Every structure is written in structure tokens, then in C-alpha cells.
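Engineer: Chains as they are written, first to last, in this note's numbering: chain A, 924 to 1385; chain B, 924 to 1385.
Even glycine gets a Cβ: it sits at the ideal position worked out from N, Cα and C.
Fair warning: this is a prediction, and the values are worked out from it, not measured in the lab.
I'd like to ask you about the structure that follows.
In C-alpha cells:
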């Protein structure tokens, strides 16, 4: 399947200017260059014209024009993605939501907030704090909410609170032809017709533009605790992860770190952790008194699974020190490898397959001589492998290993991506992961965007 | 839009017999009559032929035949739905999953189970008990898992564990043309392409036949407690519901009962509850000791909201007595109204709108002189109104009131159905609730089922 597109002519730029105003249209190299790639390692590509939209009506008019003229349209939020998801691969119009970033309503009694897509995740939560609420799916970066919706972002707290898609009730969207509609409602429970909101979430801007979203919020926990445990083997560590999940203690984070990653962050943050497979945990409670009993149970569970080190705390500064180390793993790895590139890959498997996957990663690292760090959201079966390399040969070896790891994850009943999305970097695995369903995705794509103008080149290898 | 269908000829019956065997095909009136309606009040309609399938290959061959011959196909599970969802409105083939009801695998370490669609919800959980796990979305009845998936069923514990759609990872489905595919994977986190599984869930058998599903399970809680509180007004009761949700105490059930329902079940089960707006709660914990502190907090919250009665217990028989009363509300109402019909309607709104909706229901009941009971899953903003009537005049009044209540729920930002689905009973509200998105649902329907052979007459008014 191949689609043809037209370039952005001066006449088109003029029409766009009429829609959004001259101050919201740019063809300057600096503006386009600044939005030509994300935080991943994919080659940059500039759009032909950048358009900052301010409201749904503008989005609708831009889309109708682009659809009529067969011009690619790619959304831009904060550019914090990793698989090239927002790179305007075929040029065209870059639709930036940076200036469409307001909170429209805090529905405090409903534990909901309605926002425009350009607002940052951290900015949103900073503003929600005074309401005692927060939007739970934490992607680490200050991603835009629109980007989180587009990629179904997730993170450390997904084990308790779910991914982005589990926390969206209602969206306003604009289709490729400019038609505007609401998907879902503000009711927590919905069983009314097709779940189109969840079709659009995770579609990486290839099915519709999201112009507004009502998100589920969680009450900010009153009390936190953290624990860290070390094991002699990955399988013991994952046995503990499974046992903690099965305990009913409802961990809010359940992270795995391989020995080399543990050693690195331990040294950098003065944590004195053994260089062993490590599990990092967090627990939330409405009662201070409950945390100690929870931590006692966790200690017991870890001991039964053969932990060789255990440390738990309800002290805030000790807890934050531990999580600071985990949250800055990427930066610590970058700092420890000056002059080399770091590529963050993401796969996920059923938890029972986690030790097999980690063993596979270890074996590949040894055999291929690739420098790689493994850590991730073990409670969800999600692992990140950070490849460190310099030069073509190392890059090729890292890429070959990544390819092998992704195929292994799929073979184990898992997925090519748990939270980063397909973007450009994972398109080659779609057939292998989805088989016949990939064809159905194409059918759906064509039904919603007949001219394939929305974010072409992503998800599908054209 | 109108589609034409062909009748089931003797030749078609012969072809079906070749696919599934003579013992799995029936045109007997008794077999067809027994599956001509669900537990709701919609008029029965017989299929032309009943086919019991045993595996995916048979489903695929039946679908290919039906699609080629333009014969309607409607799935049958347990018939416990309420909106006529599985009634074969246009006759055709009734595809029964009753004999395709095995557990295919318990993935204990992954907290997952893979099942065929015909297994009953209660039967599944009975078998999972020895693994210390359960499938949480509780629809009350022993619904088939296939039916729960088709209607996105939910229930009392959704406030903590989510609805059916929140607990599905992977499905095998057969499209209208007989093509077979897998949607999703066994990974808890998935961000790989379009979320087609969630498009099919809740589509009421109009997009695909589900032949297999991998479900998320939860550990059976170690300790339970229950509490009941009475208030002088609905708004105070809902204030307590919101406060309990916001407390971080993570209720596993948060139910509302209006005074007349409370009085009825209280009398029937010897509970001695005041005839007041009532809130029923359940809490789960891994620690027995935590329950008392939780209940103390709940008592305090309810007192602050003006509770005039409060009772809490960790005693199992007291707890079960309370929940027995709630679980049998429908039967109690039926018994209290001999010779009259009882119709169970279902709407949901943002919680903040709950008191407005209840007031609206109260006012309508008075003004219209309709006999109605209101209760439901307040923690999710979900309310059931049970209309009791005899004769045409009362029936018309009840139906008129139901119509007004549904429009009110939609006006309040809610939905025509939180958990029963659209079926036949709610099609008239689809345009009002979804506006332009209803047209998009039609586009998706046509893309997946071009001849509209799957469960025609449901969701859409043709």
C-alpha cells in the first residue's frame, strides 16, 4: 500500500495563516529543527511548516485543509518520546499543541480533570497538588498529556494505578477529514457502544488528533514507604516480585535492576547496595501505622525467596534518595559513559517469563560483547535495556541485540513495546507480533483516515 | 442504512451439520425457544438454527458460510443479560458457546487465566479458588465470560478492580468473514499498535466472535470487612462516598440504596437498618489488624458527613448477611411484588451528579406515580432503577420514566448504560449520547463486518 502526498506550497502556508494567525505559523529552520526529533536515537526530519493550534476549531480547519490537499500531518507535544513517534517523517504540517495547554476543569468531587493536550505531565500534577489529587501514570519525563495519550505511556506506578489508557474517560478528537467528536463520557463506567476512545489512545496520532481529555485522578497517598531487596539470582528476585504482587499488599512500584545497573546507581547515589539482582518497591497507605506491618510482610516474603540484603524505610528522605537513584538511572548511565550514545529499548513479557528474558539478555550481552544495562517495571513484566555504544560497529551490534531481544519478548508471549510505542523504531516487529491483526489495523486506519495523512510512516511499514 | 439477509435454508443446515456434526445443530422449537430471550423484558425472538461450536476452527467456518450467504449470526452464552443483547432479532444462526467452556490454562505466576468464552463467571472463580486467585468483575449472575466480554460487564467490585474491559489482556477472535486473529498479548503492559481488543470488548457481538480470552486475575484477599451507614439525605450519603474514595482506604465496594430499597432488604434479611439513604461498603486487606483502623477511619468520615447510623464488622457471618441482602435485592423486590413485572435499568453519571440524578428519580417517581427502587454502585456513579409494574398503563409510565432518567443521565455528563450494554433497549439513546461518534461507530462496524451479519439490530437502529 502506498499513498501519495503533496508538498506544502506557499498558498497552503497562506491558508494556514488565515486559520491560526501569522504568529502561529512558522517555516523557520530553527523552529522546524527544534521539533525534528524526539529523545530517541532516530534520525531527525523537519516538517515543512509548523502550526501552533489554540483550539479544536483550528485543528478541525487545518485537518480539513490537509486532507483535501493530501498533506501529511504529524502532532507535536513535548518531544519526550523515544521511538521517533512524533518525527514528521514525510514533512508536511507539524501540528503543535504546545500553546494548547490549559486545564479546562478540575472535577474535584469526581476525581477527574479535563485538560488540553499540550499540558505537561509534571505541570499538571503540580497544579493538582492543592486538590490532593494526581494523575498517576508517570512516564518519567515531563511528557505532554497528548503525547501520553497518543503513545499509551506508562511508568513506575502502573503496577498499582494502570497505564495512561486505564485512566482516560472521555476525549474530544478531530478526525483526518476535520470532523469533531466526543468519545466516551465522564462516567467511570461505560458500556455504551464501541470503545472508540481506547481505539484512539495508543494510536500515535495515526487515527485522530486529540484536542481535549478528561482523565481519572487518584488521591495523593497520605503515607509512603520504600523497600529494596537483593537476591543471588534473577529468578529469586522475580519470585519475590510475584509473591509481593500475590500478597495483597498492593505495591505502588515494583522495579527490577540488574547487578551492573544496581552497582552504577548505588555508587552514584551512595546507597551501598550489593551488586546483585535487585528489587525496589514502594507502598502507599492511608494509615502510617499500616506501613510498618506491610514492610514486615515484605521482608518476610523476600527472605522466603532468598534475599541476601533487605532495607526498608518509611523515612521520607531515605525513600526519596532511593527513588532519586532509580529515576535518574538513564542520566547516571549517560554520565558514566561519556562520548557514547545511549539507546533505551522497551519490551514486556508475562512476569513468569521475566527471568528467561533477563537470562537471554545476559547471554546476548556476553556473547555479542555489547554494553547494556537492564532494569524496569518488573511488576508489569516490563524491561528496559539501555544499549551503550560508539561508532558503527558497536551500534550495529547493539541494534542486532535489540532485535533479538524484541523477537524473544514476542516469542515469550509478550510485546515489542510495553510503554514507548511503535513509532519508527518498532515497525519491523509488527507483523511478527500481531500477525493477521496487523491487517485489521490497516483496515481500521483506512476507515478513519482514507488518505493516510495522519503521521505517515509510523506503526505501519508502508 | 439497510441490509438484506437470506433465510436459513435446509441446504445451509446441512452445511452447518458438516461443520459441527449433527449433534451440534438444532432446529427444534424447544432449543430455539429456550434461547430466544435474556433475563430482561424484551420480547423473545427465535433463531432459525442453533449451532453449538466447540473450537475456533468451527466458528471460522460457520462465519465464512454465513457471510457468504448473508445470514445473521448472533452469539449465545448464558443469556443473563438484561437489554436483549443476545436475542437473535432477525433470526438466522444462533452461535452457542455453551459447549466451548473450558479453562485452557491457569498462568498462576502471571495472575492470568486463559479460557474459552462459554465458561460461567461463577464456575470459573470456583475453579480458580485453589490457586488463591479470582476474576474480579462480578456481574452478579453466572454470566458467561464471552457475554461479559461482549457487554463489558461490571458490578459491585468494579470500584476497586475495574470492569471486564480493564481485566482482559489478549483475545482470539473470528471476524465476520471467518478470518481468525489474536488481539493483544499476555503482557500486562501493551503499547504496540491499535488496541483492537478493547474495540471488540463491549461491542456486543457486532464486530467479532470471541473464541478465547486471557484474563487478569487478582489475589483473593486475606481479610474482609464491611460497613453500612445511614444518612438523612442523598447528598450526605454521596458526600460520604466521595470522601471514602478520596481517603485512600481503597474500598472494594461502595454501594448506595435508596430508603425504600433499604427498608425492603432490611426487613427481609433482619438487618434493622433505618429507612434512609444508605451506603454499603467493603474493604480488603492483607492484614487483619489493618481492617479495624480502616473501619475507624470510615466511621469518622461518615460521622463528618452526618451519618445517623453506622455499623461495621470484620465478622464473616455478619458481613455475608449484609452482602446477601444486597446481592439479592432484585429477588427480594420480585418477591415483594407478586404478579408484577420488574425491569432493571442501568445508567451512570459522574459521582458529583449522583445526588441530582437520585433527586430526579425521586421526583419522577412521585409525579408519575411509578413504583421504582433505586440502588447501585455509587462508587462508580452507577445506579440501577428497578421499575415494578403490571398492565399496559403502568408499563407505559415506567418506560416513560426510564426514558426521562436515561436522558437526564446523559445530560449530566453520564451514559445510557454503565454495565448492561445497549442491546435492544438503549439503541434509541445512542444518537443523543454519542452525537457524531455514532457515525464513526458505523464506519468501524462497516469496515469490520461489511454485510452487517453480526448481531444485527443491536447498538444501532438500522
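1) Of all Cβ atoms in chain A, is any one closer than 7 Å to the Cβ of residue 1117 of chain B?
2) Can you find a C-beta in chain B that's less than 7 Å from the C-beta of residue 1170 of chain A?
3) Could you pull out every residue in the same chain whose Cβ sits closer than 8 Å to the Cβ of residue 1086 of chain B, ignoring the five residues on either side in sequence?
4) Give a yes or no on whether 7 Å exceeds the smallest Cβ distance from residue 1033 of chain B to chain A.
5) For the stretch 1036–1074 of chain A, which segments carrying the alpha helix (DSSP H) assignment without a break, of at least 4 residues, lie completely within its bounds, in sequence order?
6) Quick one: Cα of residue 1325 of chain A to Cα of residue 1268 of chain A, how far?
7) What do you reckon, are the CB atoms on residue 940 of chain A and residue 972 of chain A nearer than 7 Å?
8) Any beta carbon from chain A within less than 7 Å of residue 1344 of chain B's own beta carbon?
9) When burial is assigned at 16 or more other CB atoms within 10 Å of the CB, is residue 1384 of chain A buried or exposed?
10) Using the rule of at least 16 other Cβ atoms within 10 Å of the residue's Cβ for burial, across every protein chain shown, is residue 1168 of chain B buried or exposed?
11) Out of B:980, B:1155, B:1080, which one is the CA nearest neighbour of residue 1097 of chain B?
12) Would residue 1239 of chain A pass as an interface residue toward chain B - the criterion being a Cβ-Cβ separation below 7 Å?
13) Residue 1222 of chain A lies in the alpha helix (DSSP H); which residues open and close that run?
14) Residue 961 of chain B by DSSP, collapsed to three states: which one?
15) For residue 956 of chain B, collect the residues of the same chain with a Cβ closer than 7 Å to its Cβ; drop the 5 residues on either side in sequence, then sort them by chain order.
16) Between residue 1144 of chain A and chain B, is any beta-carbon pair separated by less than 7 Å?
17) Just to make sure I have the definition right: I need the residues of chain A whose C-beta is within less than 9 Å of the C-beta of residue 1100 of chain B. Which are they?
18) Select from A:1373, A:1368, A:1380, A:1378 the residue whose C-alpha is nearest the C-alpha of residue 1122 of chain A.
19) Nearest-angstrom Cα distance between residue 1463 of chain B and residue 943 of chain A?
20) Counting only beta-carbon separations shorter than 7 Å, does residue 1216 of chain A have a partner in chain B?
21) Considering only residues of the same chain and omitting the five flanking positions on each side of residue 1043 of chain A, which have a CB-CB separation below 8 Å?
22) Can you give me the start and stop residues for the beta strand (DSSP E) that residue 1147 of chain A sits inside?
23) Exposed or buried, residue 1289 of chain A, counting other C-beta atoms within 10 Å across all chains shown (16 or more means buried)?
24) Could you please give me the residues that DSSP links to residue 1233 of chain B through a beta bridge?
25) Grouping DSSP H, G and I as helix and E and B as strand, with all else coil, what is residue 1087 of chain A?
26) Does residue 1114 of chain A come out as helix, strand or coil in the three-state DSSP assignment?
27) Please go through the same chain and pick out, in chain order, the residues whose beta-carbon is closer than 6 Å to the beta-carbon of residue 1211 of chain B, but skip the five residues on each side of it.
28) Ignore the nearest five residues each way along the sequence and tell me which others in residue 1277 of chain B's own chain have a CB closer than 8 Å to its CB.
29) Check the Cβ-Cβ distances between residue 1028 of chain B and every residue of chain A, and say whether any is below 7 Å.
30) Would a check of beta-carbon distances place residue 1210 of chain A closer than 7 Å to chain B?
31) Can you name the start and end residues of the alpha helix (DSSP H) that residue 1318 of chain A belongs to?
32) By alpha-carbon positions, which one of B:1318, B:993, B:1070 ends up nearest to residue 1019 of chain B?
33) How many Å lie between residue 1200 of chain A and residue 1229 of chain A at the Cα?
34) For residue 1219 of chain A, count the other beta carbons within 10 Å of its own beta carbon; 16 or more makes it buried, fewer makes it exposed. Which is it?
35) Going by beta-carbon coordinates alone, are residue 1297 of chain A and residue 1033 of chain B separated by less than 7 Å?
36) List in chain order: all unbroken alpha helix (DSSP H) runs of 4+ residues lying wholly within the stretch 938–1006 of chain B.
Structural biologist: The structure says:
1) yes
2) yes
3) 1060, 1075, 1076, 1077, 1342
4) yes
5) 1044–1051, 1068–1074
6) 7 Å
7) no
8) yes
9) exposed
10) buried
11) B:980
12) no
13) 1211–1227
14) coil
15) 969
16) yes
17) Correct list: empty, because the minimum Cβ distance to chain A is about 11 Å.
18) A:1368
19) Residue 1463 of chain B falls outside the range modelled here, since chain B spans only 924 to 1385, and no answer is possible.
20) yes
21) 1001, 1024, 1065, 1066, 1067, 1068
22) 1146–1154
23) exposed
24) B:1152
25) helix
26) coil
27) 1146
28) 1157, 1161, 1164, 1179, 1301, 1304, 1306
29) no
30) yes
31) 1314–1334
32) B:1070
33) 12 Å
34) exposed
35) no
36) 952–957, 979–992
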